[in-house]
Amino acid sequence: MRLANLISLIGGELQNRPLISQITGFSSSLHTLKPGDLFFAVTKSQIPQAIAKGAYAIVYKEKMQILDKEIAWIQVDNLELAAIKLIRFLLIRNGAKLFSLSDLALEFSKLIIEDKDVAILEDPFTFLQHYKQQKFILLSKSILLKLALDPTPLPPVKVQIVQTRLFETSFIFQDFYYERIRVSPLFFDYFQEVLAFINTYPIPFEFDKAKFFPHFLPHFIDNSFRVCEFGKSDRVIITEPDCSLLPKEAEFLQQMAPWAKKLYIAFDCTLPNFAIIDVAKLPEKLYKSTFTYALVQNFDIQMLAKKQEQKNLL
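The opening residue of the sequence shown carries number 2 in the numbering used here; numbering runs sequentially from there.
As structure tokens, this is what we get:
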């Protein structure tokens, strides 16, 4: 792309008179940066390394010293907005089809869709460095609003739910029976958004990878608090990285297992019915508690077994 066209496109201001007149690619990561690329400098500290790796242009926000006069230095008021403007141009030029999904549906998409023609747009900078002119773009409503583009509508999809468990759903999709897929019925509506896309545009997928969905994630533990095989223990620690989902999950857990002994624990979220403790005190809290399910704000589950082993050695 010609440098002059790019500067006009992203609303930037050229700060020098470089020798280069074109760039060949875009990146915001030193790991994927190639000679000839334009580099979005999210942090100043990356710029010297970007120059050393052959960047032809640096896009940045805050005023800074020009380190290499041969390459282009482009200052913008808003780095993310500059990336969004570039993405909008690329998508229109390449005729990509856009599909708006909820944030949780996008997380499922990243796990189960396996197709080189599909790209997921969550973060503008990450997207630019991985964009390979894919035909289908899945993105959130918030990003879509920034792009000011119209999405391609998806027709409703027919899915017959056969059986639900706390962490699993069995269903019929495209006349095929999928038994005990690791998608909690709590999140099946989001999963179904992805099914609607797959149903409309047949692409490779792998439903088994849904078990890595990070929300309401079950960890079955043995008597030594080691993680064991799914379903092989009567005690489960459920981790959740998003505090805003914890109340909904606690309510769902009560509905699905009213008979069970439950613990609700958070570290920095003030929530009704949740004990607020320091994460360092979590192992001792769990060791001393009787529970079937412990719903806990996200933490390193491996720390429990390590702490237990240390305790046993004393």
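We put the CB at the ideal spot given by N, CA and C, even for glycine.
Bear in mind that the values here come from a model prediction, so they are computed numbers and not experimental data.
Item, Value
"Given F231 as reference, the closest of L107, F221, F208 once Cα atoms are compared", "F221"
"Given L340 as reference, the closest of F174, K54, F40, T33 once Cα atoms are compared", "Here the chain has residues from 2 to 315 only, and residue 340 is not among them."
"Range of the contiguous beta strand (DSSP E) that encloses R181", "177-182"
"Boundaries (first-last residue) of the alpha helix (DSSP H) holding L167", "Here L167 belongs to no alpha helix (DSSP H), and DSSP marks it neither H nor E."
"As assigned by DSSP and simplified to three states, the class of H32", "coil"
"Span separating the alpha-carbon of I238 from that of E252", "16 Å"
"Candidates S29, L102, I67, L287: closest to A306 by CA position", "L287"
"Spatial distance of F128 from S28 (CA atoms)", "9 Å"
"DSSP beta-bridge partners of G26", "D38"
"N-terminal and C-terminal residue of the alpha helix (DSSP H) that Y191 is part of", "189-201"
"Among F206, A73, S9, T201, the one whose alpha carbon lies nearest that of A42", "A73"
"Q130 beta carbon less than 8 Å from that of V119", "no"
"Top-ranked residue by Cα proximity to L87, from S101, E285, F177, L10", "L10"
"Cβ-based neighbour list, A267, same chain, cut-off 6 Å, excluding 5 preceding and 5 following", "F275, I277, Q298"
"Beta-carbon spacing of P157, A197 below 8 Å", "yes"
"Inter-residue spacing [alpha-carbon to alpha-carbon] between K249 and Y294", "15 Å"
"Proximity of F109 and F214 at Cβ, strictly below 8 Å", "yes"
"Candidates F226, P242, Y178, of which the one nearest Q303 by Cα", "F226"
"Terminal residues of the alpha helix (DSSP H) in which A53 lies", "48-53"
"CB of I67 within 8 Å of CB of A211, strictly", "no"
"Endpoints, beta strand (DSSP E) assigned at A295", "294-298"
"Per DSSP, the bridge partner or partners of W74", "I59"
"One or two residues paired with E14 in a DSSP bridge", "Q76"
"Status (buried if at least 16 other CB within 10 Å, exposed otherwise) for L103", "The identity of residue 103 in the sequence shown is Ser, whereas the question assumes Leu. Under this definition S103 is an exposed residue."
"Beta-ladder partner(s) of Q161, from DSSP", "I173"
"Near the ligand HEM: D78 beta-carbon under 7 Å from a heavy atom", "Here there are no bound small molecules, and the ligand HEM is not part of this structure."
"Same chain only: Cβ atoms within 8 Å of E14, ignoring 5 sequence neighbours per side", "I8, I75, Q76, V77"
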